[in-house]
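Report on the following structure.
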Amino acid sequence: MRFAVLIGLVGGAWDLGVGLSIILTASMSAPGESMARTATYAGGILLIFLGGAVLATSIYAASGSMFANQKFLGLLMLTYGATMLFVSAAMFARLFPMMTGSEVSGAAMVVLGLAMLYSGATMRKTRMPGP
0 MRFAVLIGLV GGAWDLGVGL SIILTASMSA PGESMARTAT YAGGILLIFL
50 GGAVLATSIY AASGSMFANQ KFLGLLMLTY GATMLFVSAA MFARLFPMMT
100 GSEVSGAAMV VLGLAMLYSG ATMRKTRMPG P
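Residue numbers (numbering that gives the first Met the number 0): 0 to 130.
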């Protein structure tokens, strides 16, 4: 559970930082590039929302309220991990045309997404009572 909280805090902060970076560094586009700028802003805003959701879930889990709902938290971690992998694939494919330095951000999101998938999968396992 501690690993899930830690990876959630790191992943949420990373998503927020990348989303803010995208929005703040998107340059003013030349005429005819408004669609590219719109896609970049939309990607940045979606990353901010994802980061906020991951951080809120992690903080809620750290408060001890999610210990009773560990399977639900595992499902959320699986969902967030899959979403981060999808976003990182979009970064590598340059779906957000005005992103700069997306290789580093995408690689970090792949690592964090895989860690969230691992954490969610281990939390979803039912544990048999021991002797």
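For every residue, glycine included, the Cβ atom is placed at its ideal position computed from N, Cα and C.
Annotation: A52 to Y59 spans about 10 Å, alpha carbon to alpha carbon. L113 and T37 have their alpha carbons spaced roughly 29 Å apart.
Here the C-alpha atom of M122 lies approximately 15 Å from the C-alpha atom of G63.
Straight-line spacing of the CA atoms in S20 and V110 works out to 19 Å. For S87, the CB contacts under 7 Å within the same chain, skipping 5 residues up- and downstream, are G105, M108, V109 and G112 in chain order. DSSP places G16 in the uninterrupted alpha helix (DSSP H) bounded by R1 to T24. With a threshold of 16 other beta carbon atoms within 10 Å, A3 meets it and is buried. Non-local beta-carbon contacts of A55 in its own chain, meaning distances under 6 Å to residues more than five positions away in sequence, are absent. In the DSSP assignment, S87 falls within the unbroken alpha helix (DSSP H) covering Q69 to F91. For the pair D14 and G50, the CB atoms are nearer than the 7 Å cut-off. Put simply, the backbone Cα of G11 is about 13 Å away from that of T78. Per DSSP, reduced to three states, the secondary structure at G119 is helical. In the structure shown, G42 adopts helical secondary structure according to DSSP, grouped into three states.
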